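Colleague: For reference, the structure I am asking about is given below.
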Ligand code: DGJ
């Protein structure tokens, strides 16, 4: 049993292989958070201390017990207005305008397996997943809250979401509905969050949590390049390979907020969920609202251990089932090869060179539909531009398949240009404020995905193409932040629902397409990695990591992404030099090594390469095929710490520890510099590993404890890949 309830103490215990998450419905009915960490095999209620803290009031029934205050006790679902002055997970307004709520334990159920979350992405159940439903009620306002916990024992993950049900006869307005609330009563914590910008996503930043509130989030209508919905709390001494840390990751692609508060008792609260700014949901009598699912994990094996938990969970239980095994096709994408300047002939010649080099798929990026010769028009008109191509798209696809390649196509479904037939016939489909000129970005506007007819239109337009053209892959782009978040289909009171309804509409469209084309590989994208989140991964097993394809920049972007997400989800391509974004010239070997630690592909015109470069590419693809299983399903370790020096190193170890692949890329060649040195991880200490290029073997212990040094880097392509295989005994 992974979930137990101890009747006498009211303690709920959620156990994974190594961890324990514990709560208690105390005698007053409040649900207290007791503990989250390594499994102690004990009831942790002894940690809760009650003493009188000035200006921290008491619930009425406890007025004689001045030590009992919601302001100082660890809460499992903090609410506002009733004496807990710290950040709340839930904020409501009742029919009288009262902003107070108090949630008391009502009942619970422990169930084998789990139910899907209606309309929202969720973690698919493992064989041993169990669900705990705890029902809390506020009888005064008639609100029922069902907290849902799911346990994924093997990955040390629990997930949490909640359902709010209005049991009153009047409306309740929900102003905040967070997914997770974790109170950590003791200790000093660092937070690691992942900030960024377009072309530099998911940059880890670590800071000590001081008193007061520290918050990160997005108000852009998308999870964003600027702040990933993922935070880690780490003990001050925690590093990549040692120490304790825990994380909360949201399965949500819209506005989000992660708040941490260190309070007067030095305890830390972490609340994460949909961003309350601009959000309000009118919950009519009998109606329900579901919060997004939060993925919560703990590791006592440092940040690498935490990442490994999340990688395993995402690979096995988040991405769509057909993509949990096997290796995705090595692709050639037309974007940086040709941008908008193509016709069928040019695309077919690109495909021919892709096939000659051993690639497996040709992706036709932006520009094939409507009137779209630059990025100012056409979005919304998902009709093939046959006069630009010179023939039907089905013919292009047929010819590409005849070359032995798969065919992929770009869409940006949620957008509309003013200069489009769709806008001319349905201006009301665009999200925009009444009487105000909209904020434009890339000269485009956002479609009102909260309207069912918009989702229906997109479904019809996309299936019209996907049904008639042989297409194995779709790149799903999203190239602006949302502004003027107003829907002409909703009442004035409901405008606070627009951005969440937008995301629900997007998920609905993705869900419909997924069920119609289960084997269609959808790669998420948002100007690169602007919507790289576990919500999108539920539908799209890979996401284009960044529009910055410079290999040296990508080292940081992919490393930052790796804290939460496995390399099998990171779209990564070798592009041309000088790099189109940075102008830097990086060697082809380095570019190959970096892109291989992702869903490998190319983004260049092979017709412009020398024979030697083409030969190198053939070799890279051969190597990738040899290592792909190890890279995609092996255990990933960052070998350099966050503040590293002149090189970045990482490795993959096969689950049976038989083989490993070590990658080292130098970012700054030093004359007369130190020898690059790495300590390998995750090997069998007793086994001997052979490194063919050095024609010798090493014990796993030597490679892990003694480490491995490399010759000083020189030249234009300072990168190495070392493949070690266990010797047969
Ligand atoms: C942004 C994407 O990230 C690029 O890869 C490319 O698809 C362009 N959009 C096309 O407009």
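Residue numbers (the working numbering): 8 to 736.
All C-beta atoms in this analysis are idealised placements derived from N, C-alpha and C, irrespective of residue type, glycine included.
Because the structure is a prediction, the values reported are computed rather than measured.
#1: Does the beta carbon of residue 554 fall short of 7 Å from some heavy atom of the ligand DGJ?
#2: Starting from the Cα of residue 331, find the closest Cα among 650, 681, 545 and 697 and give me that residue.
#3: Within 10 angstroms of the Cβ of residue 264, are there 16 or more other Cβ atoms? Answer buried if so, exposed if not.
#4: Taking the alpha-carbon of residue 482 as reference, which of 414, 503 and 75 has the nearest alpha-carbon?
#5: Which stretch, first to last residue, makes up the alpha helix (DSSP H) that contains residue 137?
#6: With distance defined between alpha-carbon atoms, name the residue in 567, 514 and 590 nearest to residue 299.
#7: Tell me the start and end of each unbroken beta strand (DSSP E) in the stretch 461-527 that is at least 3 residues and wholly inside, in chain order.
#8: Once you ignore the five residues that flank residue 374 on each side, which residues in its own chain have a CB closer than 6 Å to its CB?
#9: Rounded to the nearest angstrom, what separates residue 97 and residue 578 at their Cα positions?
#10: If you drop the 5 nearest sequence neighbours on each side, which residues of the same chain put their C-beta closer than 8 Å to that of residue 673?
#11: Using DSSP bridges, identify the partner residues of residue 642.
#12: Look up residue 295 in the DSSP assignment and say whether it is helix, strand or coil.
#13: According to the Cβ coordinates, are residue 427 and residue 387 closer than 8 Å?
#14: Starting from residue 122, trace the alpha helix (DSSP H) in both directions and tell me its first and last residue.
#15: If I measure Cβ to Cβ from residue 671 and keep anything under 7 Å in the same chain, skipping five residues before and after, which residues do I get?
#16: Can you determine whether any heavy atom of the ligand DGJ sits closer than 7 Å to the C-beta of residue 482, and answer yes or no?
#17: In three-state terms, what does DSSP make of residue 632?
#18: Tell me which residue opens and which closes the alpha helix (DSSP H) that residue 597 is part of.
#19: Say whether the stretch 220-239 touches the stretch 99-108, bearing in mind that this needs 3 or more beta-carbon pairs closer than 8 Å, one atom from each stretch.
#20: Output yes or no for whether 8 Å exceeds the beta carbon distance between residue 432 and residue 301.
#21: Return yes when the Cβ of residue 440 is within less than 8 Å of the Cβ of residue 491, no when it is not.
#22: Thinking C-beta only, is residue 36 closer than 8 Å to residue 112?
#23: Under a three-way DSSP split, which group does residue 430 fall into?
#24: Any idea what DSSP makes of residue 437, helix, strand or coil?
#25: Per DSSP, residue 300 forms a beta bridge with which residues?
#26: Helix, strand or coil, according to DSSP, for residue 240 in the structure here?
#27: What residues in its chain sit with their C-beta under 7 Å from that of residue 605, if we drop five residues either side in the sequence?
#28: Hey, is residue 667 close to the ligand DGJ, as in C-beta under 7 Å from one of its heavy atoms?
#29: Assess, as a yes-or-no matter, whether the stretch 252-261 is touched by the stretch 137-155 under the definition of 3 or more beta carbon pairs within less than 8 Å.
#30: Count Cβ pairs between the stretch 618-633 and the stretch 529-541 that sit closer than 8 Å; are there 3 or more?
#31: Near residue 519, what residues of its chain come up, given a Cβ to Cβ distance below 7 Å and the 5 sequence neighbours on each side ignored?
#32: For the stretch 578-596 against the stretch 609-618, are there 3 or more C-beta pairs whose distance is under 8 Å?
#33: Nearest CA to the CA of residue 155: which residue from 167, 664, 81 and 509?
#34: Exposed or buried, which one is residue 549 when buried takes at least 16 other CB atoms within 10 Å?
#35: Quick one: does the C-beta of residue 375 sit closer than 7 Å to a heavy atom of the ligand DGJ?
#36: Would residue 197 and residue 171 be called neighbours here (beta carbons separated by less than 8 Å)?
Modeller: With the given structure in hand:
#1: Position 547 of the chain shown, counted from the start, is the residue given in the question as residue 554. Flag set: Cβ of residue 554 near the ligand DGJ.
#2: Taking the first residue of the chain shown as 1, we reach residue 331 at position 324. Among 650, 681, 545 and 697, the Cα nearest to that of residue 331 is on 545.
#3: Working through the chain shown from its first residue, we reach residue 264 at position 257. It is buried - the Cβ of residue 264 has at least 16 other Cβ atoms within 10 Å.
#4: As a first step, residue 482 is located in the chain shown; it is residue number 475 there, counting from the start. The shortest Cα separation from residue 482 among 414, 503 and 75 belongs to 414.
#5: Taking the chain shown and counting its residues from 1, the one referred to as residue 137 is at position 130. Not the alpha helix (DSSP H): residue 137 falls in the beta strand (DSSP E), residues 137-145.
#6: The residue labelled residue 299 in the question sits at position 292 within the chain shown. It is 514.
#7: 480-483
#8: As a first step, residue 374 must be located in the chain shown, where it is residue number 367. Answer for residue 374: 347, listed in chain order.
#9: Numbered from its first residue, the chain shown carries residue 97 at position 90. Numbered from its first residue, the chain shown carries residue 578 at position 571. One C-alpha to the other measures close to 36 Å.
#10: Position 666 of the chain shown, counting from 1, holds the residue named residue 673. So the list reads 653, 654, 683, 720, 725 and 726, once near-sequence residues are dropped.
#11: In the chain shown, the residue the question calls residue 642 occupies position 635. DSSP lists 660 as partners of residue 642.
#12: By one-based count along the chain shown, residue 295 stands at place 288. Strand at residue 295.
#13: Residue numbering aside, residue 427 sits at position 420 when the chain shown is read from its first letter. Residue numbering aside, residue 387 sits at position 380 when the chain shown is read from its first letter. Yes, Cβ-Cβ distance for residue 427 and residue 387 is below 8 Å.
#14: For the purposes of this step, residue 122 is taken as the residue at position 115 of the chain shown. Residue 122 -> no alpha helix (DSSP H), and no H or E assigned at all.
#15: Numbered from its first residue, the chain shown carries residue 671 at position 664. Only 654, 656, 683, 685, 717, 726 and 727 meet the Cβ criterion.
#16: Within the chain shown, the letter at position 475 stands for residue 482. Correct: residue 482 has its Cβ closer than 7 Å to the ligand DGJ.
#17: Position 625 of the chain shown, counting from 1, holds the residue named residue 632. Here residue 632 sits in helix by DSSP.
#18: Working through the chain shown from its first residue, we reach residue 597 at position 590. Where residue 597 is concerned, the enclosing alpha helix (DSSP H) stretches over 595-603.
#19: no
#20: Working through the chain shown from its first residue, we reach residue 432 at position 425. Working through the chain shown from its first residue, we reach residue 301 at position 294. In this structure, residue 301 does not lie closer than 8 Å to residue 432 by Cβ.
#21: Working through the chain shown from its first residue, we reach residue 491 at position 484. Working through the chain shown from its first residue, we reach residue 440 at position 433. Yes, they are a contact pair.
#22: Counted from its first residue, the chain shown places residue 112 at position 105. Counted from its first residue, the chain shown places residue 36 at position 29. Closer than 8 Å, so yes.
#23: Start at 1 with the first residue of the chain shown, and residue 430 comes out as number 423. Of the three classes helix, strand and coil, the one that applies to residue 430 here is helix, per DSSP.
#24: Here residue 437 corresponds to residue number 430 of the chain shown, with the count starting at 1. Residue 437 falls in the strand class under three-state DSSP.
#25: For the purposes of this step, residue 300 is taken as the residue at position 293 of the chain shown. Note: residue 300 sits in a beta bridge opposite 258.
#26: The sequence position of residue 240 within the chain shown is 233, counting from 1. Strand, per DSSP.
#27: In the chain shown, counting from the first residue as 1, residue 605 sits at position 598. For residue 605, where only same-chain residues beyond five positions count, the Cβ hits under 7 Å are 552, 565, 574, 577, 578 and 579.
#28: Along the chain shown, read from residue 1 onward, the residue named residue 667 stands at position 660. Every heavy atom of the ligand DGJ is 7 Å or more from the Cβ of residue 667, so no.
#29: no
#30: no
#31: Residue numbering aside, residue 519 sits at position 512 when the chain shown is read from its first letter. So the qualifying residues of the chain are 466.
#32: yes
#33: The sequence position of residue 155 within the chain shown is 148, counting from 1. Comparing Cα-Cα distances from residue 155 to each of 167, 664, 81 and 509, the minimum goes to 167.
#34: Numbered from its first residue, the chain shown carries residue 549 at position 542. Buried.
#35: Taking the chain shown and counting its residues from 1, the one referred to as residue 375 is at position 368. Residue 375: no, Cβ never under 7 Å from the ligand DGJ.
#36: Start at 1 with the first residue of the chain shown, and residue 197 comes out as number 190. Start at 1 with the first residue of the chain shown, and residue 171 comes out as number 164. Not in contact: residue 197 and residue 171 (Cβ atoms no closer than 8 Å).
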